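In this text, residue positions in the sequence shown follow this note's numbering: the first is 1347, and each later residue adds one.
Here is the structure we will look at.
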Amino acid sequence: MTMAGAKEIKARIESVQETRKITNAMYLIASTKLRHARQELNNTRPYFEALKGEIKRIFRMVADVDSRYFYPDSGEPPLTGTYGCLVITADKGLAGAYNQNAIRQALQLLEQHPDTKLFVVGEYGRRFFDRQGISIEHSFLYTAQNPTMARAREISARLLEGYDKGELQKIFVVYTDMEKGSVYEAHTTRILPFHRTFFSSTGEESLQAGGGPHFEFVPNARAVLDNIVPIYVSGFIYSALIDSFCCEQSARMTAMDSADRNAEKLLSEFSLRYNRVRQTAITQEITEVSAGAKAQRQKHKKER
């Protein structure tokens, strides 16, 4: 019974060691993916920051420019009707609460505005909404593990098509962003229509008022703005895809690191138990040998 217990403990030690190898490999893979994704985002961020600057320039040059992508100067009128929501999740679990946090944000939006069409990225989100019987307007059937600018443009085109046709009054994006270091949080951000204040230059004077260079917009400022905004939206979605992907990898690294520490603890406990069982078995064998030797000596004495 004791030897059987020792074999069982030894088998569990080997099982934990094999699992630990897998978690270590997943940690290293997630770390590499995170580094590459951040580099890709840093490479494209300056371009879209420049686009944002150009939109600011248009509003500084032409104060009364009107666009379907912006609320009017008078404020934010109530927009009733159908909303669109892009939900970005991962393709799989093993990433802590990453997927659950994003899905929770989407469910809150659905609760506040039931007439919301879901556009989902990530197999995890697709499976969840399918199990819950929640209708998905469109599921982008490609992996969330490889966010690219081309895919961001495809997503943006699909959302803008519904917005331009008047089928969607507002468009939201549910994604996960890193706040500080490795701390991440799921957000629900409205990307259309924009507030003009989002592109305002607080504290800056008008270029025209300051005697700066004059720009001519062909055919007009509204047409230029309507061409720039879809590109900016694509960049925002690409940034959201990358940010979510980075948070997923960071969450997976944290989960795998936690699993590794738990494996260390289990190995320590199993090793202690194995040594105790093994010591008990050795002690029992010594006791049995000693008792047998003693019995033999007593037998020889009786025979003499």
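Even glycine gets a Cβ: it sits at the ideal position worked out from N, Cα and C.
The structure presented is a predicted model; accordingly, all values stated were derived computationally and were not measured.
- Query: What is the rounded straight-line gap between the Cα of Phe-1540 and the Cα of Tyr-1415?
  - Reply: Numbered from its first residue, the sequence shown carries residue 1540 at position 194. Numbered from its first residue, the sequence shown carries residue 1415 at position 69. Put simply, the backbone Cα of Phe-1540 is about 6 Å away from that of Tyr-1415.
- Item | DSSP three-state assignment for Gly-1399, whether helix, strand or coil | Position 53 of the sequence shown, counted from the first residue, corresponds to residue 1399. Looking at Gly-1399 - three-state DSSP - the assignment turns out to be helix.
- Query: In whole angstroms, what is the alpha-carbon distance linking Asn-1388 and Gln-1363?
  - Reply: As a working mapping, residue 1388 is identified with position 42 in the sequence shown. As a working mapping, residue 1363 is identified with position 17 in the sequence shown. Cα to Cα, Asn-1388 sits roughly 38 Å from Gln-1363.
- Relative to the C-alpha of Lys-1463, which residue among Ala-1443, Arg-1473, Ala-1452, Pro-1392 is closest? Within the sequence shown, residue 1463 is the residue found at index 117, counting from 1. For the set Ala-1443, Arg-1473, Ala-1452, Pro-1392, the Cα lying nearest the Cα of Lys-1463 is the one of Ala-1452.
- Query: Can the beta-carbon of Ile-1501 be found closer than 8 Å to that of Phe-1474?
  - Reply: Numbered from its first residue, the sequence shown carries residue 1501 at position 155. Numbered from its first residue, the sequence shown carries residue 1474 at position 128. One thing to note: Ile-1501 has its Cβ no nearer than 8 Å to the Cβ of Phe-1474.
- Host beta strand (DSSP E) of Ser-1290 (start-end): Examination of residue 1290 is not possible in this model, given that the chain is present from 1347 through 1650 alone.
- Query: I think Ala-1441 touches Phe-1591, with their Cβ atoms under 8 Å apart; what is that distance to the nearest whole Å?
  - Reply: By one-based count along the sequence shown, residue 1441 stands at place 95. By one-based count along the sequence shown, residue 1591 stands at place 245. Going by Cβ atoms, the distance from Ala-1441 to Phe-1591 rounds to 11 Å, so no, they are not a contact pair.
- Task: For Leu-1456, collect the residues of the same chain with a Cβ closer than 6 Å to its Cβ; drop the 5 residues on either side in sequence, then sort them by chain order.
- Result: For the purposes of this step, residue 1456 is taken as the residue at position 110 of the sequence shown. Cβ neighbours of Leu-1456 beyond the five flanking positions: Thr-1462.
- Query: Bridge partners of Phe-1540, per DSSP?
  - Reply: The residue given as residue 1540 occupies position 194 in the sequence shown. In the DSSP output, where bridge partners are listed per residue, Phe-1540 has Phe-1416.
- Beta carbon of Ile-1482, beta carbon of Arg-1472: below 8 Å? Position 136 of the sequence shown holds residue 1482. Position 126 of the sequence shown holds residue 1472. Going by C-beta atoms, Ile-1482 is nearer than 8 Å to Arg-1472.
- Closest by C-alpha distance to Arg-1542, when choosing among Lys-1356, Val-1411, Ile-1355: For the purposes of this step, residue 1542 is taken as residue 196 along the sequence shown, with counting starting at 1. It is Val-1411 whose Cα lies nearest to the Cα of Arg-1542.
- Query: What's the C-alpha gap between Thr-1633 and Ser-1617?
  - Reply: Position 287 of the sequence shown holds residue 1633. Position 271 of the sequence shown holds residue 1617. Approximately 24 Å, taken between the alpha carbons.
- Whole-angstrom distance between Gln-1458 and Pro-1493, CA atom to CA atom: Stepping through the sequence shown from its first residue, residue 1493 is reached at position 147. Stepping through the sequence shown from its first residue, residue 1458 is reached at position 112. When only Cα atoms are considered, Pro-1493 and Gln-1458 end up about 29 Å apart.
- Task: Could you tell me whether the region 1571-1582 touches the region 1426-1438, where touching means 3 or more Cβ pairs closer than 8 Å?
- Result: When Cβ pairs closer than 8 Å are counted between the two stretches, the region 1571-1582 is seen not to touch the region 1426-1438, the count staying below three.
- Message: If you measure between the beta carbons of Ile-1434 and Val-1467, is that distance less than 8 Å?
- Response: Start at 1 with the first residue of the sequence shown, and residue 1434 comes out as number 88. Start at 1 with the first residue of the sequence shown, and residue 1467 comes out as number 121. The answer is yes: Cβ separation under 8 Å.
- Excluding sequence positions up to five away, which residues of its chain have a Cβ less than 7 Å from the Cβ of Ala-1641? Counting from one through the sequence shown, the residue named residue 1641 turns up at place 295. Closer than 7 Å at Cβ, skipping near neighbours: no residue.
- Query: What is the residue span of the alpha helix (DSSP H) that Ile-1449 lies within?
  - Reply: The residue labelled residue 1449 in the question sits at position 103 within the sequence shown. 1444-1458 is the span of the alpha helix (DSSP H), which, as asked, contains Ile-1449.
- Verify whether the separation of the beta carbon atoms of Leu-1397 and Val-1519 is less than 8 Å. The count along the sequence shown starts at 1 and reaches residue 1397 at position 51. The count along the sequence shown starts at 1 and reaches residue 1519 at position 173. Contact: no.
- Query: Three-state secondary structure (DSSP) at Glu-1550?
  - Reply: For this step, residue 1550 is matched to residue 204 along the sequence shown. Note that Glu-1550 scores a pLDDT of 46, beneath 50, so its modelled location is shaky; the value from the coordinates is reported in the next line. Secondary structure at Glu-1550: coil, using DSSP grouped into helix, strand and coil.
- Query: Can you give the Cα-Cα distance for Gly-1399 and Phe-1561, rounded to whole angstroms?
  - Reply: Along the sequence shown, read from residue 1 onward, the residue named residue 1399 stands at position 53. Along the sequence shown, read from residue 1 onward, the residue named residue 1561 stands at position 215. Their Cα atoms are separated by approximately 14 Å.
- Task: Closer than 7 Å by C-beta to Tyr-1444: which residues in its own chain qualify, once you throw out the five before and the five after it? Chain order, please.
- Result: As a working note, residue 1444 is residue 98 in the sequence shown. The residues Ala-1436, Thr-1522, Cys-1593, Glu-1594, Ala-1597, in chain order, have a CB closer than 7 Å to that of Tyr-1444 in the same chain once the five nearest residues on each side in sequence are set aside.
- CB-CB under 7 Å to Leu-1612, same chain, minus the five flanking residues each way: which ones, in chain order? Translated into the one-based positions of the sequence shown, residue 1612 becomes position 266. Counting only residues of its own chain and dropping the five nearest sequence neighbours on each side, Leu-1612 has a CB closer than 7 Å to the CB of Val-1362.
- Candidates Glu-1386, Arg-1406, Thr-1369: closest to Phe-1544 by CA position: For the purposes of this step, residue 1544 is taken as residue 198 along the sequence shown, with counting starting at 1. Ranking the options by Cα distance to Phe-1544, first place goes to Arg-1406.
- Query: DSSP three-state call for Asp-1523: helix, strand or coil?
  - Reply: Taking the first residue of the sequence shown as position 1, residue 1523 is located at position 177. Annotated three-state conformation of Asp-1523 is strand, per DSSP.
- Give the DSSP bridge partners of Val-1466, in chain order. Against the sequence shown, residue 1466 aligns to sequence position 120. Answer is Val-1433, Ser-1485, bridged to Val-1466.
- Task: For Val-1570, I'd like the list of residues in its chain whose CB is within less than 6 Å of its CB, leaving aside the five on either flank, ordered along the chain.
- Result: Within the sequence shown, the letter at position 224 stands for residue 1570. If we look at Val-1570 and ignore the five residues flanking it on each side, its Cβ neighbours are Phe-1563.
- Across which residues does DSSP place Glu-1531 in a beta bridge pair? Within the sequence shown, residue 1531 is the residue found at index 185, counting from 1. Residue pairing from DSSP places Glu-1531 in a beta bridge opposite Asp-1523.
- Return the CA-CA distance between Gly-1479 and Thr-1390, expressed in angstroms with no decimal places. Taking the first residue of the sequence shown as 1, we reach residue 1479 at position 133. Taking the first residue of the sequence shown as 1, we reach residue 1390 at position 44. Looking at the backbone, the Cα of Gly-1479 and that of Thr-1390 are separated by about 38 Å.
- Query: To the nearest angstrom, how far is it from the Cα of Leu-1506 to the Cα of Arg-1607?
  - Reply: Here residue 1506 corresponds to residue number 160 of the sequence shown, with the count starting at 1. Here residue 1607 corresponds to residue number 261 of the sequence shown, with the count starting at 1. Using only the alpha carbons, I get a separation of about 46 Å.
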